[in-house]
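Taking my numbering, I'd label the letters of the sequence shown as residues 87 to 860. Take a look at the structure set out below.
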Amino acid sequence: MNRLDDLKSRLAKGRVLVVVGAGVSIAATDGASVASWKGLLDHGIDRCCEFAGMQPDWAQRMRENLATGDVVSWLAVATEVEERLKGVAKGEFRSWLEDTVGQLTVSDPALIEALRDLGTPIATTNYDGLIEEVTGLPAVTWCDAPRVQRVLQGEEPGVIHLHGWVKEPESIVLGYRSYAQVLGDAAAQAMQQTLRTQNSLLYVGFGGSFEDPNFTRWLAWARETFTGRELYRHYRLCLDGEVDAIDTEHPGEDRIFALGYAAEYRDLAPFLEGLARSAPSDETASEGVSVTPVTGLPPTDWLFGRDAQLADLVDHLLTERPAPVPILGGPGMGKTVLSVHALKHPAVAERFGSRRYFVRCEAMSDAEALPGGIALAMGLAAPGDPWPAVQDALMGQPALLVLDNFETPWDADRIASERWLSELGDLESVALMVSVRGAQRPHGAKWYGTLEINRLAPEDGEKLFLEVVGRPHHGDAELKRLVEALDGVPLAIRLMARVASGYLSMNALLEAWDRKRAAMLSKGRGREDNLEVSVALSYDGPRMDDQSRELFSALGLLPSGLASIDLKALWPKYGQEAVGCLVSAGLAFYDDGRARLLNPIREAALRLAPASSDLDHRIAVHYLALARESGAILGAAGGGEAKVRLEPEIGNLTATFRRAFGGPAEDLAFAAAYGLAEVLRFTGLGSPKSLEEAAERAKELERTKDQANCIQSLGDIALDRSDHAQAGSRYEEALPLYRRVGDVLGEANCIKSLGDIALRRSDHAQAGSRYEEA
């Protein structure tokens with residue numbers, strides 16, 4: 087297929103995004119000088135001389151840079167103009183934009199009308215509103231990534247301004263500083279990447295714009311990401327005589343091809359009009375695949391950190407006879423999101439056309455409901471037994487079928503569900519994707535390996551948050567802390583980002599998370615907008631039994647998870663089997679030999695399945711004894727082994743210690759206070775806040791010796807961390823308490839420790855005096 091026919095085919099399928107350059111604005115305004123980048127900068131030089139006090143020699147240097155025709159030199163000029171005008175007074179840069187590109191009006195609408203009539207989304211690198219003037223569409227800038235996404239998906243009208251719009255000066259990308267802003271904006275870069283991944287791009291009206299930093303990064307990203315993978319081309323319209331030169335300008339990995347439209351520029355509008363007339367509207371140009379708009383597919387949500395998995399999945403679906411693919415993962419990991427991205431990928435859409443079906447299985451109470459659910463997704467009217475009609479409809483042309491949340495019918499009747507998988511897998515025309523909650527794939531199909539979705543890397547979690555929330559929290563130093571607290575669970579990150587708009591700062595959002603926890607992730611009613619609902623589906627599922635539910639409740643109390651030795655001690659008969667059930671259901675996972683829950687799921691567990699008082703007490707007895715006995719030998723014989731044993735348990739020890747006060751294990755907690763303090767002191771890990779709370783609790787109960795012990799331990803921790811002032815203050819606070827209860831040993835130890843502080847400060851006289859007193 088030649089280049090022109092390929093472009094027409096892509097237009098027919100609705101898979102083209104037009105990217106408009108300065109040449110279109112120049113044509114629409116009969117050559118207005120400020121419609122071009124060079125002309126705008128030339129005007130900016132004059133404005134700097136008039137209002138920013140720049141001298142003629144400066145202006146001469148700037149114009150010499152413009153005369154080179156080198157984009158790097160032009161960017162240097164743009165930077166000077168931008169910085170000088172912004173530095174004069176607030177509003178001068180805005181005023182200059184309004185007096186130049188803001189005054190442009192359309193004198194010849196033919197070219198823009200021809201672009202409009204192509205019926206494709208339009209993006210532009212121009213700052214003006216000429217396209218909006220002709221089309222009546224609103225402007226949408228790169229700063230508003232969610233709106234850009236909606237425009238690309240056809241959910242909202244608009245013209246996408248890649249380098250900003252004159253009416254929003256803060257969005258204008260002109261000099262190096264503003265280029266750095268867009269290059270460093272995760273949401274903007276993700277938006278630009280989306281443009282490339284979802285469309286064939288048709289560049290109209292471009293001269294040297296491909297050399298600017300933003301496009302250079304975009305193309306560099308595309309070269310790295312799509313080498314050997316892209317199945318379609320992008321086109322740059324040019325004069326017939328420029329084709330060879332432009333083809334040479336773009337290396338093969340750009341997938342950008344020159345397409346000549348005529349010998350003279352005036353023929354561009356008629357050429358585009360011909361494209362609009364000739365492009366068929368209802369059939370693809372290859373393989374006879376219908377491109378009737380597909381209905382019933384879920385909306386596309388944000389996807390980060392899954393590029394390699396998505397690419398492999400798409401590559402597999404495009405093979406001649408793809409084997410069924412299982413997509414496994416825990417609640418909120420994004421199995422459905424990945425499935426939908428693969429389902430809507432342009433190359434997949436091109437192959438399967440309207441024969442792409444998404445079947446929601448979560449409402450199926452038994453396996454026999456599956457054929458009816460498939461028939462419903464396919465729009466088949468099939469009274470009686472729907473399976474024959476489904477079989478007939480799936481045969482012939484290739485079809486792609488997604489069974490989402492297949493664990494529901496599978497858990498209800500495994501044998502029947504696996505029989506249906508076998509039946510579907512035997513249909514040669516069907517490509518099958520099956521998402522299953524948990525870590526176990528069903529039998530019944532000859533699977534293509536296993537695609538398991540795990541938590542996001544921190545940097546991908548931050549990108550996802552910024553994409554959902556927009557720009558208000560971009561660059562906030564607290565963002566990393568928040569994403570770490572959400573443990574890389576995509577659903578939790580998306581839900582928190584939606585909540586973020588109601589908070590003035592990321593710090594305020596973190597404070598709210600500390601207070602409310604899982605309640606902040608539980609606003610909606612469905613599994614896709616409520617983490618607790620998603621977790622509850624697994625918790626209430628038939629793969630869980632009473633023992634695994636009890637262990638789930640226990641893990642909710644243990645932020646560090648369960649080591650094998652503690653699992654055997656607490657659940658000697660069925661602990662390992664219960665962990666297996668939790669892993670199979672996607673609720674727990676193994677991390678360095680420990681069974682644990684991800685933080686957002688653990689918070690949901692505390693609300694959904696709070697531990698009984700008996701279970702809480704049993705856990706408290708175990709971990710408080712561990713702190714008391716093993717902590718007390720740190721620094722003595724066997725202390726090295728005890729340190730290795732206790733370091734991974736810091737989170738569990740402090741959580742259990744704090745939870746014990748006010749309950750039946752309170753006496754055990756006071757007895758374990760010294761051991762816990764030694765753990766904190768010798769490991770250097772954890773916060774002494776739990777001991778501070780214990781001291782306050784002892785004061786309330788008038789347990790003076792326990793109060794003194796906790797305060798002295800706080801002094802020991804501070805001294806070991808070289809905080810001499812804090813340590814001295816603690817020892818002085820504990821001394822009168824020991825004297826009040828007649829604890830001579832406690833009193834002597836505090837005095838001796840005050841001598842240690844004096845010695846470390848080289849105050850030998852004070853140290854000697856304290857030691858004599860002790």
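Each residue gets a CB set at the ideal place from its N, CA and C atoms; glycine is no exception.
Smallest Cα separation from G524: which of W533, F492, Y534? Ranking W533, F492, Y534 by Cα distance to G524 puts F492 first.
Which listed residue (K838, D842, L710) has its alpha carbon closest to that of A860: Nearest of K838, D842, L710 to A860, Cα basis: K838.
May I have the straight-line CA-CA distance separating D678 from S650, to the nearest angstrom? Between D678 and S650, the C-alpha separation is close to 11 angstroms.
Are the CB atoms of A794 and L823 nearer to each other than 7 angstroms? In this structure, the beta-carbon distance from A794 to L823 falls below 7 angstroms.
Using alpha carbons as the reference points, say which of M450, R745, S799 lies closest to H703. Of the listed residues, the one whose Cα sits closest to H703 is R745.
Which same chain residues end up closer than 8 angstroms to K223 when comparing Cβ atoms and leaving out the 5 residues on each side of it in sequence? As written in the sequence, residue 223 is Leu, which differs from the Lys given in the question. Cβ-Cβ distances below 8 angstroms link L223 to I208, I217, P243, G244, V245 in the same chain, with the five nearest sequence neighbours on each side left out; the list follows chain order.
8 angstroms contact criterion, which Y213 and I258 should meet: CB distance rounded: Right, their Cβ atoms sit about 6 angstroms apart.
C-alpha distance - E570 paired with D452, whole-angstrom precision: Roughly 39 angstroms separates the two Cα atoms.
Strand pairing of E538, partner residues [DSSP]: E538 pairs with L414.
Going by the beta-carbon positions, is the gap between A349 and A196 smaller than 7 angstroms? No, Cβ-Cβ distance for A349 and A196 is not below 7 angstroms.
Whole runs of the alpha helix (DSSP H) within the stretch 198 to 245, excluding any shorter than 4 residues: Segments of the alpha helix (DSSP H) lying fully in the stretch 198 to 245: 216 to 221, 231 to 238.
Pairs of beta-carbons, one from the stretch 685 to 701 and one from the stretch 734 to 745, closer than 8 angstroms: are there three or more? Cβ pair count under 8 angstroms is below three, so no.
Could you check where the beta strand (DSSP E) with M320 kicks off and where it finishes? Going by the sequence as given, residue 320 is His instead of Met. DSSP places H320 inside the beta strand (DSSP E), whose first and last residues are 320 to 324.
Compute the Euclidean distance between the alpha carbons of A162 and H810, then round it to the nearest angstrom. Whole-angstrom Cα-Cα distance: 55 angstroms.
Do I797 and E782 have their C-beta atoms within less than 7 angstroms of each other? In this structure, E782 does not lie closer than 7 angstroms to I797 by Cβ.
Three or more beta-carbon pairs under 8 angstroms between the stretch 219 to 237 and the stretch 545 to 556, yes or no? The stretch 219 to 237 is in contact with the stretch 545 to 556.
With a cut-off of 8 angstroms, do at least 3 Cβ pairs link the stretch 99 to 117 to the stretch 197 to 207? Yes, since at least three Cβ pairs between the stretch 99 to 117 and the stretch 197 to 207 fall closer than 8 angstroms, the two stretches touch.
Just how far apart, CA to CA, sit G459 and L537? Linking G459 to L537 through their CA atoms gives a straight-line distance of about 24 angstroms.
In three-state DSSP terms, what is L122? As written in the sequence, residue 122 is Ser, which differs from the Leu given in the question. It is coil, neither helix nor strand.
Name the one or two DSSP bridge partners that I460 has. Beta-bridge pairing links I460 to no other residue.
Nearest-angstrom Cα separation, counted from W657 out to I705: It is roughly 11 angstroms from the alpha-carbon of I705 to the alpha-carbon of W657.
Among the residues of its own chain, which have a CB less than 6 angstroms from the CB of E254, if the five just before and after it don't count? So the list reads T227, once near-sequence residues are dropped.
What does the alpha-carbon distance come out to for the pair A853 and R846? For A853 and R846, the distance between alpha carbons rounds to 9 angstroms.
Buried or exposed by the 16-neighbour rule on C-beta atoms within 10 Å, applied to L870: Outside the displayed range of the chain (87 to 860) lies residue 870, so it cannot be described from this structure.
With the cut-off set at 7 angstroms, would you say P457 and P472 are in Cβ contact? At the C-beta level, P457 and P472 come within 7 angstroms of one another.
Considering only their Cβ atoms, is the gap separating G391 from A543 smaller than 7 angstroms? Contact: yes.
Sub-7 angstroms separation of V564 and N593 beta-carbons: For the record, residue 564 in the displayed sequence is Glu; it is not Val. Contact: yes.
Name, in chain order, the residues that DSSP records as bridge partners for M519. In the DSSP output, where bridge partners are listed per residue, M519 has V411, V488.
C-beta contact flag for G647 and A598 at 7 angstroms: In this structure, A598 does not lie closer than 7 angstroms to G647 by Cβ.
Please report the Cβ distance between E778 and L762, rounded to the nearest whole angstrom; I am assuming they are in contact, meaning their Cβ atoms lie under 8 angstroms. E778 to L762, Cβ: 12 angstroms. No contact.
Confirm, please, whether the CB-CB distance from F756 to D792 is below 7 angstroms. Contact: yes.
Would you check if the distance between the CB atom of L389 and the CB atom of V423 is smaller than 7 angstroms? It is a contact, given that the beta carbons lie within the stated cut-off.
Kindly indicate the opening and closing residues of the alpha helix (DSSP H) around F756. Start and end: 752 to 769.
If you drop the 5 nearest sequence neighbours on each side, which residues of the same chain put their C-beta closer than 6 angstroms to that of G314? Reliability fails at G314, whose pLDDT of 47 lies under 50, so the model's placement of it is uncertain and no value is given.
Proximity below 7 angstroms, CB of T740 to CB of G772: Result yes, Cβ atoms of T740 and G772 sit closer than 7 angstroms.
With distances taken between CB atoms, is the gap from L383 to F444 smaller than 7 angstroms? Yes.
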